[in-house]
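Chain order of the listed sequences is A and B.
Here the first sequence stands for residues 80 to 238, numbered as in our numbering.
Here the second sequence stands for residues 190 to 364, numbered as in our numbering.
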Amino acid sequence: MGARRGIAARIVAALVLAVLGPLAWAQQPAQPAPRGTAEDPALEKRVTGLAHELRCLVCQNQSLAESNAPLAVDLRNQIREQLAKGASEGDVREFMVARYGDFVLYNPPLKASTVALWVGPFVLLVAGAWFLWRRLARRREPEPALSEAQRSRAAKLLE
Amino acid sequence: MRLAWVVGAFVALVVLLAVGLTLNPREVPSPLIGKPAPAFELPLLHAPEKTFSQKDMLGKVWVMNVWASWCPPCLVEHPVVTALAKSGLAPVIGMNYKDAREDALPWLKRNGDPFQFSVYDEKGRIAMDYGVYGVPETYVIDAKGVIRFKHIGPLTPEVQVKKIEPLIKELSRGG
Numbered sequence: 080m081g082a083r084r085g086i087a088a089r090i091v092a093a094l095v096l097a098v099l100g101p102l103a104w105a106q107q108p109a110q111p112a113p114r115g116t117a118e119d120p121a122l123e124k125r126v127t128g129l130a131h132e133l134r135c136l137v138c139q140n141q142s143l144a145e146s147n148a149p150l151a152v153d154l155r156n157q158i159r160e161q162l163a164k165g166a167s168e169g170d171v172r173e174f175m176v177a178r179y180g181d182f183v184l185y186n187p188p189l190k191a192s193t194v195a196l197w198v199g200p201f202v203l204l205v206a207g208a209w210f211l212w213r214r215l216a217r218r219r220e221p222e223p224a225l226s227e228a229q230r231s232r233a234a235k236l237l238e
Numbered sequence: 190m191r192l193a194w195v196v197g198a199f200v201a202l203v204v205l206l207a208v209g210l211t212l213n214p215r216e217v218p219s220p221l222i223g224k225p226a227p228a229f230e231l232p233l234l235h236a237p238e239k240t241f242s243q244k245d246m247l248g249k250v251w252v253m254n255v256w257a258s259w260c261p262p263c264l265v266e267h268p269v270v271t272a273l274a275k276s277g278l279a280p281v282i283g284m285n286y287k288d289a290r291e292d293a294l295p296w297l298k299r300n301g302d303p304f305q306f307s308v309y310d311e312k313g314r315i316a317m318d319y320g321v322y323g324v325p326e327t328y329v330i331d332a333k334g335v336i337r338f339k340h341i342g343p344l345t346p347e348v349q350v351k352k353i354e355p356l357i358k359e360l361s362r363g364g
C-alpha cells in the first residue's frame, strides 16, 4: 500500500515536471541559499520586513524574503546594502519600483491603473448586496388580494 | 429577459477569462520604457581592459541583448539575434549577465558571435538598473539614449520582423 502510494506520488511528480518543465524561465543554476547573515540583527530585521513587502519577479507568488532565486538573493543584498548606507524603506521601495514597476509591491498604490484592483471587490460586494436585496424584497411583497368576482369563482370551484 | 441577463453575464465572464488566458503574467510591463537608459560603464567581454559606456552609443539607435551562457532560452533565440544583427539595421550589443568569461567566450565560439561586442556584467548590478529579471531580455535604445522597447524572454522571428525592425527603421528616420 505504502509502496504503491510512493509510486503514484512519483508518477504525479513526473507529470507535473513534464508539464511545468518547458515553462521554466531561464534561471541561474540554484545556489546554496545564502540566508541573511548580517552581523546587525536590527538591520536584518528591517531587510526581512521590507523583503516581505516586495514580490520576487522570478517566482511571482513568493516575496523577496521567501524566494531563493538568484535575483531575489541579489535584490535582498541590494536592500541590505542600501539600508546599511542609511537609505529609508521608502527609498528602497522607490528603487525597486523604478526598475520593476508597481508590480513588485504587494501593497500597490492607488492610481488610475490600479483602481480596478482596489475598487473592484467593493463594486462586486455592492452589486451582490443589491441583487440579494431585490430578490428578498420581491419575496416579501404580499400576494395580490382577490377581487369579489374572483372570490366567488373560486368558491364555486371549491364547492 | 432574465435569461438574456444570465447569458450576458456568462458570456462576459467567459470573455474576461479568455482574455486573461492569453496574457502572460511573466511579462511585467517595464516602467523604463520612454525613460533614459541607465548609465553604465562596463568592461568588454573579450577585452577586460577596455570599457564601454552607454553614452558611447548616443546618436545611434541600438539594440542591447542580455544573455548568458547558462541560459537555454538564449540559445533558442540565438538565430533570431543573429538575423537581427545581420540585417544591419542597428548595432546589436550583448550584455553578458552573471556569467563567467571562461564559459561565455567558448559559448560564443561554439554558437557564433552576432554581437558587435558584449559588455561583461559579472554581478548583474547594471542589469538590475535595467530591470532585468530573467534572461534573455532585449532592449531598443534610441539615438537620444531613451529606452523605446523591451522584450522579455527569447526573441522570435515574429517579434523581430513585426516589432523590432519597424521600430528601428522608424527611430532611425525620425532621428
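Even glycine gets a Cβ: it sits at the ideal position worked out from N, Cα and C.
Pick helix, strand or coil for residue i, following the three-state DSSP scheme.
i      : result
A:P101 : For A:P101, the pLDDT reaches just 44, beneath the cut-off of 50, and the residue's location in the model is therefore unreliable, although a value from the coordinates is still provided. Residue state, collapsed to three classes: helix.
A:D119 : coil
B:F229 : coil
B:I357 : helix
B:M253 : strand
A:R134 : strand
A:Q110 : In this prediction, A:Q110 scores a pLDDT of 49, lower than 50, which makes its location untrustworthy; the coordinate-derived value is nonetheless stated afterwards. It is coil, neither helix nor strand.
B:Q281 : The sequence shown places Val at residue 281 of chain B, rather than the Gln named in the question. Note: B:V281 maps to strand in three-state DSSP.
A:T127 : helix
A:F58  : An answer regarding residue 58 of chain A cannot be provided, because it is not within the stretch 80 to 238 covered by chain A.
B:F199 : helix
B:H267 : helix
B:H235 : coil
A:L203 : helix
B:T211 : helix
B:M246 : helix
B:P303 : coil
B:G363 : helix
B:A332 : coil
B:E216 : coil
B:V321 : coil
B:K275 : helix
B:S298 : In the sequence as displayed, the identity of residue 298 of chain B is Lys instead of Ser. Three-state result, B:K298: helix.
B:K351 : helix
Following the continuous beta strand (DSSP E) through residue i, name the residue where it begins and the one where it ends.
i      : result
B:R337 : I336 to I341
A:S231 : No beta strand (DSSP E) holds A:S231; the alpha helix (DSSP H) holding it covers E227 to L237.
B:F241 : T240 to S242
Check for me: the alpha helix (DSSP H) holding residue i runs from which residue to which?
i      : result
B:I315 : R314 to D318
A:T193 : Careful: A:T193 lies outside any alpha helix (DSSP H) and carries neither H nor E.
B:C260 : Segment: none, B:C260 is in no alpha helix (DSSP H) and carries neither H nor E.
A:A222 : Reading the sequence as shown, one finds Glu at residue 222 of chain A and not Ala. That residue, A:E222, is in no alpha helix (DSSP H); it is neither H nor E in DSSP.
A:V171 : E168 to Y179
B:P220 : Premise fails: B:P220 is in no alpha helix (DSSP H) and is neither H nor E.
A:A148 : Taken as a continuous stretch (DSSP letters only), A:A148 belongs to no alpha helix (DSSP H), as it is neither H nor E.
Tell me residue i's beta-bridge partners as DSSP assigns them.
i      : result
B:T327 : B:N254 and B:H340
B:D310 : B:Y286
A:L184 : A:L133
A:S142 : A:R134
Please check if any C-beta of chain B sits within less than 7 Å of the C-beta of residue i.
i      : result
A:Y185 : no
A:F201 : no
A:R178 : yes
A:L136 : yes
A:L162 : no
A:R159 : no
A:P111 : With a pLDDT of 45 at A:P111, under the threshold of 50, the predicted position of this residue should be treated as unreliable, though the coordinate-derived value follows. No, A:P111 lies away from the interface with chain B (no Cβ there is under 7 Å from its Cβ).
A:R218 : no
A:G115 : Below a pLDDT of 50, predicted positions are generally treated as unreliable, and A:G115, at 49, falls in that range; the measurement from the model is reported next regardless. No, because no Cβ of chain B sits closer than 7 Å to the Cβ of A:G115.
Step through the CB atoms of chain A and report whether any lies within less than 7 Å of the CB of residue i.
i      : result
B:Y328 : no
B:Y309 : no
B:G320 : yes
B:G283 : no
B:G313 : yes
B:W194 : no
Which bits of chain A does residue i rub up against, with CB to CB less than 7 Å?
i      : result
B:S219 : G180
Name the chain A residues whose beta carbon is nearer than 9 Å to that of residue i?
i      : result
B:P214 : Q139
B:M317 : L150, D153, L154, Q157 and R178
What residues of chain B sit near residue i, judged by a beta carbon separation below 7 Å?
i      : result
A:D170 : Result: empty, since nearest Cβ-Cβ is about 15 Å, beyond 7 Å.
A:D119 : Those do not exist, as A:D119 stays about 22 Å from chain B at its closest Cβ, beyond 7 Å.
Is any heavy atom in the ligand MG found nearer than 6 Å to the beta carbon of residue i?
i      : result
B:L212 : Absence of the ligand MG from the depicted structure is noted, as is the absence of any ligand whatsoever, leaving it without description.
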